[in-house]
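Each residue of the sequence shown is one higher than the last, beginning at 0 in numbering that gives the first Met the number 0. Glycine residues also receive a C-beta, built at the ideal position from the N, C-alpha and C atoms.
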Amino acid sequence: MERYVSVKEIEEAALSMLPKSAKDYYRSGATEEHSLAENKNAFQRLRIRPKCMTGVSKWDLSTTVLGARVNLPVGIAPTAMQRMAHPEGEIANAKAAEEEGVIFTLSTIATTSIEEVAAAAPRATKWFQLYIYNDRDVTKNLVLRAEKAGFKAIVLTVDTPLFGLRRADIKNQFTLPPHLKFANFDGHLADRINSAESGSGLNEYVNSLFDKSLTWDDIIWLKR
0 MERYVSVKEI EEAALSMLPK SAKDYYRSGA TEEHSLAENK NAFQRLRIRP KCMTGVSKWD
60 LSTTVLGARV NLPVGIAPTA MQRMAHPEGE IANAKAAEEE GVIFTLSTIA TTSIEEVAAA
120 APRATKWFQL YIYNDRDVTK NLVLRAEKAG FKAIVLTVDT PLFGLRRADI KNQFTLPPHL
180 KFANFDGHLA DRINSAESGS GLNEYVNSLF DKSLTWDDII WLKR
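This is the structure we're talking about:
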């Protein structure tokens with residue numbers, strides 16, 4: 000790691016090690032990628048305002064988030080399919096979050112299961128990112144498993160009534176590598192992504208299994 004002096008250099012080095020399908024999945028967005036560009040620009044517009052002459056020989060960046068004490072108000076987002084990038088995938092990130100005292104959020108469509116992450120990082124503050132499936136029993140089971148495993152919050156994601164047109168994935172006929180699956184599931188919920196008849200296995204998975212009819216009433220159902 001000593002050879003890299005910026006996050007950009009680390010990112011470029013990591014991408015250079017990945018096969019094209021995985022690399023394009025991680026770095027691309029949908030259609031013209033306007034939202035992807037705007038997300039980057041939004042962060043670049045943020046500024047840190049320094050406070051001078053206030054005595055900074057000692058500092059404390061810790062805070063409380065939803066009742067949990069964290070060392071830094073930063074968390075690891077629920078990126079899907081992390082074992083495409085590294086054999087340890089989600090486990091490596093959960094352990095890193097535990098070590099640094101920050102929040103780790105596990106994706107519904109992770110390549111490591113809820114229980115495996117909980118066992119690997121028992122002291123980490125863990126949240127679970129949730130999609131609502133057409134089969135509500137599937138959704139309910141995910142929530143119960145996360146609760147049993149010690150996850151402290153549900154991060155409900157509702158931005159996929161229709162999946163974005165990810166052109167890079169379509170060109171690459173994106174599917175998971177054969178040694179991986181969606182580890183929180185069995186059967187077709189685990190391997191449906193391996194069908195790419197329309198070009199992208201992920202596109203087919205989301206559009207066939209995620210609930211398109213969500214309303215605020217479903218939040219009430221989920222809270223119950």
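Checklist entry - Helix, strand or coil for lysine 22 per DSSP? => result helix
Checklist entry - So is tyrosine 3 buried or exposed if we call it buried at 16+ other beta carbons inside 10 Å? => result exposed
Next on the checklist: Which of the three DSSP states is assigned to glycine 47 in this structure?
Outcome noted: Reading off the sequence shown, one finds isoleucine at residue 47, where the question assumed glycine. DSSP places isoleucine 47 in coil when its eight states are reduced to three.
Item to check | Reduced DSSP secondary structure (H/G/I, E/B, other) of phenylalanine 42 | outcome: helix
Item to check | arginine 68 - containing beta strand (DSSP E), residue span | outcome: 67-69
Next on the checklist: Let me make sure I understand the geometry here. Which of Thr124, Ala95 and Ala84 has the alpha-carbon closest to that of valine 69?
Outcome noted: Thr124
Checklist entry - What does DSSP give as the partner residues of tyrosine 132 in its beta bridges? => result Phe209
Checklist entry - So what does DSSP say about tryptophan 58, is it helix, strand or coil? => result coil
Checklist entry - Roughly how far, in whole angstroms, is the beta-carbon of tryptophan 126 from the beta-carbon of isoleucine 102, given that I think they are within contact range, below 8 Å? => result 6 Å
Checklist entry - Just reading off the alpha helix (DSSP H) that alanine 95 is part of, what are its end residues? => result 88-99
Checklist entry - What residues are listed by DSSP as bridge partners for isoleucine 75? => result Phe103
Checklist entry - Excluding the five sequence neighbours on either side, which residues of its own chain have a C-beta within less than 8 Å of the C-beta of proline 72, listed in chain order? => result Leu60, Thr62 and Val64
Checklist entry - Sorted by chain position, which residues of the same chain lie with C-beta nearer than 7 Å to leucine 105's C-beta, five sequence neighbours on each side aside? => result Pro77, Glu89, Ile113, Val116, Lys125, Phe127 and Gln128
Checklist entry - From which residue to which residue does the beta strand (DSSP E) around isoleucine 153 run? => result 152-155
Checklist entry - With 16 other CB atoms within 10 Å as the buried threshold, where does aspartate 168 fall? => result buried
Next on the checklist: Going by DSSP, what residue range makes up the alpha helix (DSSP H) through aspartate 190?
Outcome noted: 187-190
Checklist entry - Just reading off the alpha helix (DSSP H) that arginine 166 is part of, what are its end residues? => result 166-171
Item to check | Residue closest to threonine 156, alpha-carbon to alpha-carbon, out of Ala79, Ile9, Pro18 and Ser34 | outcome: Ala79
Item to check | the segment 39-48 touching the segment 181-196, judged by at least three CB pairs closer than 8 Å | outcome: no
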